[in-house]
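Protein chains: 4
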Amino acid sequence: MSPDPARRSERSRQAILTATRELLFEVGYPKLTIEAIAARAGVGKQTIYRWWPSKGAVMFDSLLPAPAGAPELALPDTGDVEADLKTVLRAIAEEFETPYLDQMTRALATEVHNDPTLGEEMVKRLLMPHLEATKERLRSAQAAGQLAAGLDLQAAVEMLFAPLFYRWMLRIGPLTPEYADTVATMAVAAMRPH
Amino acid sequence: MSPDPARRSERSRQAILTATRELLFEVGYPKLTIEAIAARAGVGKQTIYRWWPSKGAVMFDSLLPAPAGAPELALPDTGDVEADLKTVLRAIAEEFETPYLDQMTRALATEVHNDPTLGEEMVKRLLMPHLEATKERLRSAQAAGQLAAGLDLQAAVEMLFAPLFYRWMLRIGPLTPEYADTVATMAVAAMRPH
Amino acid sequence: MSPDPARRSERSRQAILTATRELLFEVGYPKLTIEAIAARAGVGKQTIYRWWPSKGAVMFDSLLPAPAGAPELALPDTGDVEADLKTVLRAIAEEFETPYLDQMTRALATEVHNDPTLGEEMVKRLLMPHLEATKERLRSAQAAGQLAAGLDLQAAVEMLFAPLFYRWMLRIGPLTPEYADTVATMAVAAMRPH
Amino acid sequence: MSPDPARRSERSRQAILTATRELLFEVGYPKLTIEAIAARAGVGKQTIYRWWPSKGAVMFDSLLPAPAGAPELALPDTGDVEADLKTVLRAIAEEFETPYLDQMTRALATEVHNDPTLGEEMVKRLLMPHLEATKERLRSAQAAGQLAAGLDLQAAVEMLFAPLFYRWMLRIGPLTPEYADTVATMAVAAMRPH
DNA sequence: AATTAACCGAGACGGTACGTCCTGTCTTGTA
DNA sequence: TACAAGACAGGACGTACCGTCTCGGTTAATT
Chain A
1 MSPDPARRSE RSRQAILTAT RELLFEVGYP KLTIEAIAAR AGVGKQTIYR
51 WWPSKGAVMF DSLLPAPAGA PELALPDTGD VEADLKTVLR AIAEEFETPY
101 LDQMTRALAT EVHNDPTLGE EMVKRLLMPH LEATKERLRS AQAAGQLAAG
151 LDLQAAVEML FAPLFYRWML RIGPLTPEYA DTVATMAVAA MRPH
Chain B
1 MSPDPARRSE RSRQAILTAT RELLFEVGYP KLTIEAIAAR AGVGKQTIYR
51 WWPSKGAVMF DSLLPAPAGA PELALPDTGD VEADLKTVLR AIAEEFETPY
101 LDQMTRALAT EVHNDPTLGE EMVKRLLMPH LEATKERLRS AQAAGQLAAG
151 LDLQAAVEML FAPLFYRWML RIGPLTPEYA DTVATMAVAA MRPH
Chain C
1 MSPDPARRSE RSRQAILTAT RELLFEVGYP KLTIEAIAAR AGVGKQTIYR
51 WWPSKGAVMF DSLLPAPAGA PELALPDTGD VEADLKTVLR AIAEEFETPY
101 LDQMTRALAT EVHNDPTLGE EMVKRLLMPH LEATKERLRS AQAAGQLAAG
151 LDLQAAVEML FAPLFYRWML RIGPLTPEYA DTVATMAVAA MRPH
Chain D
1 MSPDPARRSE RSRQAILTAT RELLFEVGYP KLTIEAIAAR AGVGKQTIYR
51 WWPSKGAVMF DSLLPAPAGA PELALPDTGD VEADLKTVLR AIAEEFETPY
101 LDQMTRALAT EVHNDPTLGE EMVKRLLMPH LEATKERLRS AQAAGQLAAG
151 LDLQAAVEML FAPLFYRWML RIGPLTPEYA DTVATMAVAA MRPH
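Protein chains in written order, with full-length UniProt numbering: chain A, 1 to 194; chain B, 1 to 194; chain C, 1 to 194; chain D, 1 to 194.
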């Protein structure tokens, strides 16, 4: 019934993912079509439909690191939480400002809205590692007494990342390093003891 | 060249917007088609293409209050900022949890990604009034000495709304009243003097 | 109910007929549209619909002489019927070979197929005068004893014109002067006494 | 680039031709639409556009015998040319008077005007066989000394068929058996020796 | 080594929607 | 009230993709 992954052509798989990435960049997600991917990849359409359930799924696989390949992220730990978080937030802000990454991330986000399954997938593969790594750094700061003991860590990391995401998605304003610093400063203020 | 707005049929305009709203709810944004809108509204397709540049623009007009009609919002002011903000955030959380509003807001968000023009429009029509009203309340609290004098008000309001939006969009967790309270508490902590 | 011809704008009428003729030549009958005629003539579409029942009718009026204006045709009469008919048939053959007239006549013919009313109109306005004039010449030849007395004149004139029309319409072969002569010779042979 | 005829669906081809024939009869050629054909045939529009260049071409294939299938026609040969030709012309006159055939032939003729390619096709497939068969009969009569030896056979056959076609197309008069006889008699008179 | 069963490239198929064009009617403002 | 202008409901156009379906032609792995 369902196809045999053992006989899958790695060659075709790579060609499809590469073609998808190229086309995503060239024409954007809304104008991305299965036919174009197949043509560019030199592949039959059926080969795409055989292995992926939707256009969004192909795009996800083409942009996201393989589930297994998710590296163990770790934040810098200089002993100064606020400084370390600033470093991280500045890096994220810079990424969002990169046109290529901006475009790709918006493509992902578009699909996340309309397909909860893919949303879950993305959160798991892409977001959770970052959130968990950040939580780990906050725990270390807690242990050092820099942050409140009873802190809701989940809410705390969301408070760190959410403002950048919010600005980026709604294009409310530019994601400058200064803004990243402001967010870090305010968030840390909210987490301090007392 | 471009059509004369003075001769526009108000009857057709309303029929189109109503049909769009109904279909959005019934089939969802990705399956919304111009043909279906025209058919439901009893309108020629050309009449839609004449007045709107894209499917997204029709949807926007059907969901968003008219620019002129944007009401002057004002937040409650009991004297206790934190309590007032909790009230507001709880209300927003509740809205996002309503299936109908959830669906509509996702439709808007999808389009915002792919059309900066519409994004700007939405921010201006829908978001800014809320942000401005909230800023006003924060100013009043500053005057009362409850918040730091040098506070970056724009960053502050974003820190209030962003976490709810973040959770909602990425479906990271439920938007409970408790979560709304947590966000408000933390954000206010970040804004306090010292 | 129906419009008052007394108030009809002669200016518009002429502009419409001229525009129609120009467009017929430029784009051909199948691509001729009422909108284009109106635009070219600087006229409202309604003005066309008010005075003509169909696209074909406009074309007819634009190409055919006014009913009243049908000139009294008369064939040459040198005393030699065959020679006179050759003169006439050669002239007709030449007309059909003129690209402009070829195109216009085909436009008329197309419409004649699909609208018997227009067909009748065309026959009456364009064809009958020629047929009658030719009949008249044949009668004169009969009187001179050159043609059979009991000749079916209607059948005879049709036998003269039909072959040219046939070749032209079906593009079976070129309408050369030689062919015109052959037709005249054979037809006259068929009409001679005995 | 162009489609592979080997993979063409015979099922669809037949369905399209049948649907076209039915619709031609039901609504007439000017109101025949590709959409209606596709719908009636249970076929995608693209399948029609893939294999035929125009609406006229579909109609032609639906009405005309396949090129290969053109039967070898032969006229009766009783030894009396005039009688044999009367038989043939009466048959043709009768065909043109049949409402169904009249309608179909007019549809063909309409398209012939506007597309020389189709005209050629029709002449080759439909007309030439008849003309050639008739020429053959005339040759046999020539051999028997009934017709002039130096006769221009092409002009002769055209003189036989053209008058019927002329009357039919321009609706000048009814195609009665008597008229068929008159045409045959006159034409034969034109072909006789001397 | 021959067989066989799957994946593969290719692309025809029945469909749906697109965005454009035109039809014939209706409405508005001008002369 | 005829007119120029053009918005309107409707509907066909020809195109682009969708997702499914054959069709040979390679590959494997099994006989």
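Using N, Cα and C, we set each Cβ at its ideal position, and we do this for glycine too.
Being a predicted model, the structure only gives us computed values, none of them experimental.
Under the DSSP assignment, B/ARG106 falls in the alpha helix (DSSP H) whose first and last residues are 99 to 114. In this structure B/ARG192 does not touch B/LEU131 by the C-beta definition: roughly 21 Å separates them, more than the 8 Å allowed. Using a 10 angstroms sphere on the CB of D/GLY79, the tally of other CB atoms stays under 16, which defines it as exposed. Chain C places no beta carbon closer than 9 Å to that of D/ALA133, leaving this residue out of the contacts. In this structure, DSSP gives C/LEU75 a state outside helix and strand, which the three-state scheme calls coil. At a cut-off of 9 Å, the C-beta of B/LEU170 has a neighbouring C-beta in chain A.
In the assembly as shown, C/THR33 is an exposed residue. Its beta-carbon has fewer than 16 other beta-carbons within 10 Å.
With respect to chain B, the C-beta atom of A/ASP80 has no partner C-beta closer than 9 Å.
Under the Cβ distance rule, C/PRO177 does not count among the residues neighbouring chain D, no pair being separated by less than 9 Å.
Taking 9 Å as the threshold, the shortest C-beta distance from B/PRO53 to chain A does not fall below it.
Put simply, the CB of A/GLY150 is far from chain B, with every gap to its CB atoms at 9 Å or more. In this structure, DSSP gives D/ASP4 a state outside helix and strand, which the three-state scheme calls coil.
Rounded to the nearest whole angstrom, the C-alpha separation of C/ASP84 and C/ASP77 is 6 Å. In chain order, VAL58, ASP61 place their CB closer than 8 Å to the CB of D/TRP52, counting only its own chain and leaving out the 5 sequence neighbours on each side.
At a cut-off of 9 Å between beta carbons, C/PRO99 makes no contact with chain D. In this structure, DSSP gives D/ILE16 a helical state, which the three-state scheme calls helix.
At a cut-off of 9 Å between C-beta atoms, A/GLU120 counts as an interface residue with respect to chain B. Nearest Cα to A/ARG13 within the set A/VAL43, A/ALA180, A/VAL27, A/ALA36: A/VAL43. CA-to-CA, the gap between D/ARG125 and D/PRO65 works out to about 7 Å.
For A/ARG139, the uninterrupted alpha helix (DSSP H) segment begins and ends at 128 to 143. D/ARG167 sits in a helix when the DSSP states are folded into three classes. In the structure shown, B/ILE34 adopts helical secondary structure according to DSSP, grouped into three states. Residue burial is scored here from C-beta neighbours: C/ALA149 has fewer than 16 other C-beta atoms within 10 angstroms and is therefore classed as exposed. With a cut-off of 8 Å on Cβ pairs, the segment 170 to 187 of chain C is not in contact with the segment 168 to 178 of chain D, counting fewer than three such pairs.
In this structure, B/GLY56 is the residue among B/GLU35, B/GLY56, B/ILE48, B/LEU118 with its C-alpha nearest to the C-alpha of B/TYR29. Closer than 9 Å to the CB of D/ARG50 there is not a single CB belonging to chain C. D/TYR179 sits in a helix when the DSSP states are folded into three classes. Contact of B/ARG106 with chain A by beta-carbon distance below 9 Å involves HIS113, ASN114. Around the C-beta of C/HIS113, 16 or more other C-beta atoms lie within 10 Å, and the residue is accordingly described as buried. Residues of the segment 84 to 96 of chain D with a C-beta less than 7 Å from any C-beta of chain C: none at all. Boundaries of the alpha helix (DSSP H) harbouring A/ALA57: 55 to 63, taken from the DSSP string. Taking one beta carbon from each stretch, the segment 97 to 114 of chain B and the segment 107 to 121 of chain A have 3 or more pairs nearer than 8 Å; the two touch.
Listed by position along chain C, the residues whose Cβ is nearer than 7 Å to that of D/GLU26 form an empty set, because the closest Cβ is around 15 Å away.
In the three-state DSSP reduction, A/ASP80 falls in the coil class, being neither helix nor strand.
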